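A short worksheet on the structure shown next.
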Amino acid sequence: RIDAAHLAWVLEHLVEGRVVNRIAVDPETASWAKVALERMLAIV
């Protein structure tokens, strides 16, 4: 979960070019996650 204050904090860091709380996964998991995300967005 994320609240508005933490979302703003993360977005401010991204604007400054800093990534916080990065999550790294193996390439196969990343590939399947991308497929799932593309399928979810295609439904909308």
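Each residue of the sequence shown is one higher than the one before, starting from 2 at the first, in our numbering.
Yeah, the Cβ is synthetic: ideal placement off N, Cα and C, and Gly gets one too.
Keep in mind the model is a prediction, meaning the values are calculated, not measured.
- Cα atoms of E29 and A6: separation of roughly 33 Å, rounded to the nearest angstrom.
- Per DSSP, reduced to three states, the secondary structure at R23 is coil, with no helix or strand assignment.
- For the options W10, V26, W33, the alpha carbon positioned closest to that of R19 is the one of W10.
- Between E39 and D4, the alpha-carbon positions lie close to 25 Å from each other.
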